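*Asks:*
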Amino acid sequence: MRNHWHQYDTELSYHLNTHFNRHFSLRLQNSSNFIITMAQKYAKDQPEGFTNRIERVAIVGAGGSVGQYLARALLKTGKHTVTAITREGGTSKIPEGAKSVIVDYEDEDSIVAALKGQQFLAISMSVTAAPGTQEKIIAAAAKAGVPWVMPNCYGTDFTNASLAEENMTGQSVLPGIKAIEDAGVSSWIAMGCSYWYEFSLAQGPQWYGFDFSDNQKKVTFYDDGKTQINTSTWLQCGRAIAALLSLKELPEDGNDKSPTISQWRNKPMWISSFLISQREMLDSIQRVTGTTDKDWEIDYEGSHERWSRAMDMLKKGDRRGWAMGMYARTFYPNGDGNIEAKYGLANDVLGLPKEDLDEATKRALEMVDAKYNYFTNRSK
Numbered sequence: 001m002r003n004h005w006h007q008y009d010t011e012l013s014y015h016l017n018t019h020f021n022r023h024f025s026l027r028l029q030n031s032s033n034f035i036i037t038m039a040q041k042y043a044k045d046q047p048e049g050f051t052n053r054i055e056r057v058a059i060v061g062a063g064g065s066v067g068q069y070l071a072r073a074l075l076k077t078g079k080h081t082v083t084a085i086t087r088e089g090g091t092s093k094i095p096e097g098a099k100s101v102i103v104d105y106e107d108e109d110s111i112v113a114a115l116k117g118q119q120f121l122a123i124s125m126s127v128t129a130a131p132g133t134q135e136k137i138i139a140a141a142a143k144a145g146v147p148w149v150m151p152n153c154y155g156t157d158f159t160n161a162s163l164a165e166e167n168m169t170g171q172s173v174l175p176g177i178k179a180i181e182d183a184g185v186s187s188w189i190a191m192g193c194s195y196w197y198e199f200s201l202a203q204g205p206q207w208y209g210f211d212f213s214d215n216q217k218k219v220t221f222y223d224d225g226k227t228q229i230n231t232s233t234w235l236q237c238g239r240a241i242a243a244l245l246s247l248k249e250l251p252e253d254g255n256d257k258s259p260t261i262s263q264w265r266n267k268p269m270w271i272s273s274f275l276i277s278q279r280e281m282l283d284s285i286q287r288v289t290g291t292t293d294k295d296w297e298i299d300y301e302g303s304h305e306r307w308s309r310a311m312d313m314l315k316k317g318d319r320r321g322w323a324m325g326m327y328a329r330t331f332y333p334n335g336d337g338n339i340e341a342k343y344g345l346a347n348d349v350l351g352l353p354k355e356d357l358d359e360a361t362k363r364a365l366e367m368v369d370a371k372y373n374y375f376t377n378r379s380k
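Just so you know, we're using the UniProt record's numbering here: the sequence shown kicks off at 1 and counts up by one.
1. Give me the residue from Tyr195, Thr291, Ile298, Asp293 with the minimum Cα distance to Ile276.
2. From the DSSP output, in three-state form, read off Pro251 for me.
3. With three or more C-beta pairs closer than 8 angstroms as the rule, is the region 261-281 touching the region 78-89?
4. Are Ala242 and Gly351 touching if we call contact CB-CB under 8 angstroms?
5. Applying the 10 Å Cβ sphere with the 16-neighbour rule, what's the burial state of Val66?
6. Rounded to the nearest angstrom, how far is the Cβ of Leu174 from that of Val149, given a contact under 8 angstroms?
7. Can you give the Cα-Cα distance for residue 392 and Ala43, rounded to whole angstroms?
8. Report the rounded CA-to-CA distance for Arg265 versus Ala164, giving the unit in angstroms.
9. Using 8 angstroms for Cβ pairs, my map puts Glu166 next to Arg309. What's the rounded Cβ distance?
10. Quick one: what does DSSP say Thr260 is sitting in, helix, strand or coil?
11. Taking 8 angstroms as the cut-off, does the region 176-186 touch the region 129-147 (at least 3 CB pairs, one atom from each stretch)?
12. For Gly155, which residues in the same chain have their Cβ closer than 8 angstroms to its Cβ, ignoring the five residues on either side in sequence?
13. Taking the alpha helix (DSSP H) that Lys218 falls in, what are its first and last residues?
14. Please confirm whether Leu250 and Pro259 have their CB atoms less than 8 angstroms apart.
15. So, for Gly64: in the same chain, excluding its five sequence neighbours on each side, which residues have a beta-carbon less than 8 angstroms away from its beta-carbon?
16. DSSP state of Gly209, grouped into three classes?
17. Determine whether the beta carbon atoms of Ser187 and Pro147 lie at a separation below 8 angstroms.
18. For Asp233 and Asp295, what's the separation of their Cα atoms in angstroms?
19. Here's a check: name, in chain order, each residue in its chain whose Cβ is nearer than 6 angstroms to the Cβ of Ala144, leaving out the five neighbours to either side.
20. Does DSSP classify Ile151 as helix, strand or coil?
21. Would you identify the three-state DSSP class for Trp322, choosing helix, strand or coil?
22. Taking DSSP as the reference, what is the three-state secondary structure of Ile54?
23. For Pro333, I'd like the list of residues in its chain whose CB is within less than 6 angstroms of its CB, leaving aside the five on either flank, ordered along the chain.
24. Can you find at least 3 beta carbon pairs, one from the region 280-295 and one from the region 314-323, that sit closer than 8 angstroms?
25. Note the first and the last residue of the continuous beta strand (DSSP E) segment covering Met191.
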């Protein structure tokens, strides 16, 4: 595990220095924050009463798509309490065992009160959330003194400037990170899990290219359909945060080389379930359903052309272009979607299992059968 960690950390630090700082300049240059970070280097130097473990976790969106998996996995460890921060009138079901606290996102004091005493805040918000909501929560977390925040990220490589701009994920991820760093209180860890596998397979043709509507068996391959990108299941995301927050917060001393939460301070934590192409997704679907290419309508569209077409759709007010452009850009055959080749993964350090692709595909097809739709029907 130590060898895995050192290789991962060396590669990650190099790419962060050459990409993240150069393009976004979001890493804090504030000297006071630097001093705080350095002062917290070892557990042995902490004041009396420091436990060197994370026990109290708050989650915004604990009943949502990925949030429910984060909450369940943390509760399953038996090492963590989970407080679900919910808005008044929210309808999401909170996982059993989590404590629900209702807040008003327009009332900062209510958010601060809910976050007091929490050690880690994970934010998982819908894309339909009101603009600026995450920044309000982050400001409240700073006032409450929450030392760690996982911003609403859960996606592709936001340290890659052209990708983050052209697949339109940077505009939702980067302001949250900047808000954390500008406040100068909390450290952040972003879960870089790329796209969610079951969701992206089931949601519709704008995502992974598969169209199951009206009992169709249709797929549009981007380019030749053989470009591989990383993708993660919701279960793997849950296991990742549970494993992360089960580590020590800080190394005991300078001789302690074991993995700690602090080693991801102000960095992405890259995880994945599968490195996979659309062709491999179709192969899995065919194994699960007992079909062959003869049963499928297979079309092809260049990823660059698809992205350009999506941008034109957006300019005309067709919101379907948003997901279509996001996914087409990530499938460019230039390696931008292959995060493990660029940075390595934290999977081994965290002890994450190798998953069964066909089992994940079965779950996606069950979502299709249940008429799952992120915007209109999230029952699954």
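We put the CB at the ideal spot given by N, CA and C, even for glycine.
Remember, predicted model here, so these are calculated numbers, not experimental data.
*Replies:* According to the structure data:
1. The residue given as residue 276 occupies position 276 in the sequence shown. Ile276 has its Cα closest to that of Tyr195, out of Tyr195, Thr291, Ile298, Asp293.
2. As a first step, residue 251 is located in the sequence shown; it is residue number 251 there, counting from the start. Pro251: coil per DSSP, three-state reduction.
3. no
4. As a position in the sequence shown, residue 242 is number 242, starting the count at 1. As a position in the sequence shown, residue 351 is number 351, starting the count at 1. No, the Cβ-Cβ distance between Ala242 and Gly351 is not below 8 angstroms.
5. Here residue 66 refers to the residue found at position 66 of the sequence shown. Val66 is buried by the Cβ-count criterion.
6. Numbered from its first residue, the sequence shown carries residue 174 at position 174. Numbered from its first residue, the sequence shown carries residue 149 at position 149. Going by Cβ atoms, the distance from Leu174 to Val149 rounds to 14 angstroms, so no, they are not a contact pair.
7. What is shown of the chain runs 1 to 380, which leaves residue 392 out entirely.
8. On the sequence shown, residue 265 is found 265 positions in, with the first residue counted as 1. On the sequence shown, residue 164 is found 164 positions in, with the first residue counted as 1. About 21 angstroms.
9. If you number the sequence shown from 1, residue 166 lands on position 166. If you number the sequence shown from 1, residue 309 lands on position 309. Rounded, the Cβ-Cβ distance is 14 angstroms, inconsistent with contact.
10. Position 260 of the sequence shown, counting from 1, holds the residue named residue 260. Here Thr260 sits in strand by DSSP.
11. yes
12. Mapped onto the sequence shown, residue 155 falls at position 155. For Gly155, where only same-chain residues beyond five positions count, the Cβ hits under 8 angstroms are Thr169, Val173, Gly192, Cys193, Ser194, Tyr195.
13. If you number the sequence shown from 1, residue 218 lands on position 218. It is not in any alpha helix (DSSP H) - Lys218 instead sits in the beta strand (DSSP E) that spans 218-222.
14. One-based indexing of the sequence shown puts residue 250 at position 250. One-based indexing of the sequence shown puts residue 259 at position 259. No, the pair does not count as a contact, with Cβ atoms beyond the cut-off.
15. Your numbering for residue 64 matches position 64 in the sequence shown. Excluding positions up to five away in sequence, the list reads Ser92, Ser124, Met125, Ser126.
16. Indexing the sequence shown from 1 puts residue 209 at position 209. Here Gly209 sits in coil by DSSP.
17. The residue given as residue 187 occupies position 187 in the sequence shown. The residue given as residue 147 occupies position 147 in the sequence shown. Contact flag set, yes.
18. Indexing the sequence shown from 1 puts residue 233 at position 233. Indexing the sequence shown from 1 puts residue 295 at position 295. Sequence inspection shows Thr at residue 233; the Asp mentioned does not correspond to that position. Near 27 angstroms, if we compare the C-alpha coordinates of Asp295 and Thr233.
19. The residue given as residue 144 occupies position 144 in the sequence shown. Here the set comprises Val112, Leu115, Lys116.
20. Walking along the sequence shown from the start, residue 151 turns up at place 151. Checking the sequence shown, residue 151 turns out to be Pro, not Ile. Looking at Pro151 - three-state DSSP - the assignment turns out to be coil, as it is neither helix nor strand.
21. For the purposes of this step, residue 322 is taken as the residue at position 322 of the sequence shown. The answer is helix: DSSP assigns Trp322 an H, G or I state.
22. Looking up residue 54 in the sequence shown gives position 54. Ile54 falls in the coil class under three-state DSSP.
23. In the sequence shown, counting from the first residue as 1, residue 333 sits at position 333. Excluding positions up to five away in sequence, the list reads Asp223, Thr227.
24. no
25. On the sequence shown, residue 191 is found 191 positions in, with the first residue counted as 1. 187-192 is the extent of the beta strand (DSSP E) around Met191.
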